[in-house]
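Chains as they are written, first to last, in the numbering used here: chain A, 1 to 233; chain B, 234 to 538.
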Amino acid sequence: MKQWTQHDARSNQTVESGQFNAEQQAARSMIAGLDRSQFPEGCLTNAQVTSAALHQCYIFSPWDTGVTGALGEQTVRRAADAETLPEQFRAVNYQNYGSGWITAFETTLQPFKGGNLLTEWYGNCAIQTFFNWTQRASFIAGTSKGVANEKFLGLRILYNGVVIAERIGPAKPMDHFSISGSQQVPSGPVILTLQFKPQAAGPDDAVQDQATNDFICQAHLFGNRVFAIGRFR
Amino acid sequence: MSRIIRAPVDAGQVITATDLNNTYNDYNQPTALQADNTRDQAFDLPHFQNVVIIKNTQLNALGNTGMLHSAPVTTVASELAAPIVVHPVQDAAGTETRMSFGANGWVLVAGDCLRVWWNLSLKCYYTGSPWDNASALGRYNIPSDTSPPGNVVITDGFHCWLAYLQWDITSAALTNFVAVPGQSDPTTIGAYEGFYTQFLNGGTVISPWTVSSYAFANNGVMPAGNKGVGFNHEWFAPYGMFVHAPSGQVTVYGIRLVITGILHSGHLASGDQENVLIYDYNVGDKDQYIEYKGGRISAVHQRLA
């Protein structure tokens, strides 16, 4: 057990300044060095701690930062090059997308005092699945061409650029999804990045409407909401 | 109290035990045990006299109880025309299975947040090829494999049901449910009814079917007259999450899940060409419906920090 005092002060005792300052510095040092094992159970109240001392929630619902005007959507593919059929979302098509991960949302979480960071990401998506099984991407016994053309949507969560959770993701044409993950993170602002990955065009995919030449919507995220909680110990 | 600052004693200054004891009393003040005066890792939850994060929790059943998909199940049919009536999730007797927080409700204040999760076991039914009805949304053209190339009309498959959360912040009578913040009820969008995708904060889309080229597509074309093959997703369990941090006091008396459909994707023809979900009455028929069984809805009322 650490010592609280260097000596006992009696009433009307006169001490030298050096003696007093040593005592004060020692006391402060001891308090600053208190370990959690030195506190008895139930000795503290909420009034004694400041906000965010133990935990901090971060809510982006709908997400509205990181990507301009996102409003719960990934709008990085809602620009002019995202023109699709009128009855489809303006979204990822095979004119504006080849392959790879797309950042849908990015923000900085602060204050973050170091500890466990849990992130829950829920949302909806549209995926063009009609061509998930074609002649050159066939898995029928005896006629298989061995070409995969699966139309799922990959999802992943990154903290400070490091992937902490990843999943294959939804595969129905209009689907919902969730992905969550947690990791111990050092103190300091944490960059939270959410990415998705549509699948590249297969060998037999149609990419545009024959009559209008409008591109076909391939993938889109919408109705997204994110909750993160940092727990500091 | 914030940072403790007490000046050191100067040489030659006469002090007493009171001065010394004051240094200890510094730490007895409210909020003295904070990051400025102690290190962050000094405290843990057991050191506190009460739970510091969670204020309320509740779990309720949705739909009918039981694990089997056999009767009784409850159904919700596709909308055939406006006005739209959303279907509250209920049991086989028609009684809403909603979350009630009692006479006093849950009082959310600034600095709190409400988190809700739900899941529901269901199966979507359809008859024939409703996605191929003459006026169904989402039909488009690709070449046929004939010479010279003809035309094949196929579907993009972007039809969906929508399940979303409503809450009652009026009274414990639970007769005034409205969409949760960030989520809209059905609204007029030009010539259609539906939802702007930016207001789907409490919504989950549910795919009613999937249509595949079924190994027929070849180099971007389909055999003449072949529009692919539809598949039923069979039983699965959609889910959703909602989270909200009010800026002022709100008393929540109840939460319920509603289902509506069938909708299809689209975007506005002008302006910012915002994306929307719109009702497709062209596929609406009583042969298109959902059977659902049981599920759960849970809620947590907690502090933000």
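Quick reminder that beta carbons are idealized off the backbone N, C-alpha and C, glycines included.
Check                                                                                                                                                                                                 : Outcome
In this structure, how does DSSP classify Phe215 (chain A) when only helix, strand and coil are distinguished?                                                                                        : strand
Please confirm if the stretch 119 to 131 of chain A is in contact with the stretch 432 to 440 of chain B, defined as three or more CB-CB distances below 8 Å between the two stretches.               : yes
Thinking Tyr522 (chain B) and Ala310 (chain B) are a contact (beta carbons under 8 Å), I'd like their distance in whole angstroms, please.                                                            : 4 Å
Below 8 Å on the Cβ atoms is my contact criterion, and I expect Phe105 (chain A) with Pro189 (chain A) to pass it. Report the Cβ-Cβ distance as a whole number of Å.                                  : That pair is no contact at about 16 Å.
Within the continuous alpha helix (DSSP H) that includes Leu253 (chain B), where are the two ends?                                                                                                    : Ala250 to Asn258
Leaving aside the five residues before and after Thr403 (chain B) along the sequence, list all residues of the same chain whose C-beta is less than 6 Å from its C-beta, in chain order.              : Asn409
Excluding the 5 residues flanking Met234 (chain B) on each side, which residues of the same chain have their C-beta closer than 7 Å to its C-beta?                                                    : Low local confidence applies: a pLDDT of 48 at Met234 (chain B) is under 50, so the model's placement there is unreliable, and no value is given.
Below 9 Å between beta carbons is the criterion; list the residues of the stretch 362 to 377 of chain B that meet it against any residue of chain A, in chain order.                                  : Leu370, Gly371, Arg372, Tyr373, Asn374, Ile375 and Pro376
Among B:Ile286, B:Ile238 and B:Ala250, which one has its Cα closest to the Cα of Ala538 (chain B)?                                                                                                    : B:Ile286
Counting only the same chain and skipping the five closest in sequence on each side, list residues whose C-beta sits under 7 Å from that of Gln506 (chain B).                                         : His500
I'd like to know whether the C-beta of Val49 (chain A) is nearer than 8 Å to at least one C-beta of chain B.                                                                                          : yes
Short of 8 Å in beta carbon distance, which residues of its chain neighbour Asp345 (chain B), apart from the five on each side in sequence? Order them along the chain.                               : Lys288, Ala478, Pro479, His534, Gln535, Arg536 and Leu537
Give a yes or no on whether the minimum CB-CB distance between Ser440 (chain B) and chain A is below 8 Å.                                                                                             : yes
Determine which residues share a DSSP beta bridge with Val294 (chain B) and list them.                                                                                                                : Before going further, note that residue 294 (chain B) is Ala rather than Val in the sequence given. Beta-bridge pairing links Ala294 (chain B) to B:Arg529.
Which residues in the same chain as Pro419 (chain B) place their Cβ atom closer than 6 Å to its Cβ, once the five residues preceding and following it in sequence are excluded?                       : Ile317 and Glu426
Taking beta-carbon pairs under 8 Å, can you tell me which members of the stretch 467 to 480 of chain B lie near chain A?                                                                              : Pro471, Tyr472, Gly473, Met474, Phe475, Val476, His477 and Ala478
Per DSSP, Gly499 (chain B) forms a beta bridge with which residues?                                                                                                                                   : B:Val509
Classify Thr421 (chain B) as helix, strand or coil using the three-state DSSP reduction.                                                                                                              : strand
Is the Cβ of Lys197 (chain A) closer than 8 Å to any Cβ of chain B?                                                                                                                                   : no
Please classify Ile168 (chain A) as buried or exposed, where buried requires at least 16 other C-beta atoms within 10 Å of its C-beta.                                                                : exposed
Assign Thr256 (chain B) to one of two classes, buried (16 or more other C-beta atoms within 10 Å of its C-beta) or exposed (fewer than that).                                                         : buried
Rounding to the nearest angstrom, what Cα-Cα distance links Gly383 (chain B) and Asn374 (chain B) in this structure?                                                                                  : 10 Å
Could you tell me the alpha carbon to alpha carbon distance between Val476 (chain B) and Gly223 (chain A), rounded to whole angstroms?                                                                : 12 Å
Could you please tell me which residues of the stretch 504 to 521 of chain B, in chain order, have their CB closer than 8 Å to any CB of chain A?                                                     : Gln506 and Asn508
Can you list, in chain order, the residues of the stretch 416 to 442 of chain B whose Cβ is nearer than 7 Å to any Cβ on chain A?                                                                     : Thr430, Gln431, Leu433, Asn434, Gly436, Thr437, Val438 and Ser440
The stretch 452 to 464 of chain B: which residues have C-beta closer than 7 Å to a C-beta of chain A, in chain order?                                                                                 : Asn452, Gly453 and Gly461
Could one say the Cβ of Tyr175 (chain B) lies closer than 8 Å to chain A's Cβ atoms, at least one of them?                                                                                            : Because chain B is modelled from 234 through 538, residue 175 (chain B) falls outside the range shown and cannot be assessed.
Three or more C-beta pairs under 8 Å: does that hold for the stretch 328 to 341 of chain B against the stretch 479 to 490 of chain B?                                                                 : yes
For Phe391 (chain B) versus Gly423 (chain B), is the C-beta distance shorter than 8 Å?                                                                                                                : no
Identify, in the order they occur along the chain, each residue of the same chain with its Cβ nearer than 8 Å to the Cβ of Thr134 (chain A), setting aside the five sequence neighbours on each side. : Asn149, Gly202, Pro203, Asp204 and Asp205
Using only CA atoms, which one of B:Met474, B:Leu347, B:Tyr429 and B:His466 lies nearest to Pro441 (chain B)?                                                                                         : B:His466
Among A:Gly114, A:Ile229, A:Asn213 and A:Leu221, which has the Cα closest to the Cα of Thr84 (chain A)?                                                                                               : A:Asn213
Just to make sure I have the definition right: I need the residues of chain B whose C-beta is within less than 8 Å of the C-beta of Ala126 (chain A). Which are they?                                 : Phe391 and Ser498
Roughly how many angstroms separate the alpha carbons of Cys217 (chain A) and Ile530 (chain B), rounded to a whole number?                                                                            : 33 Å
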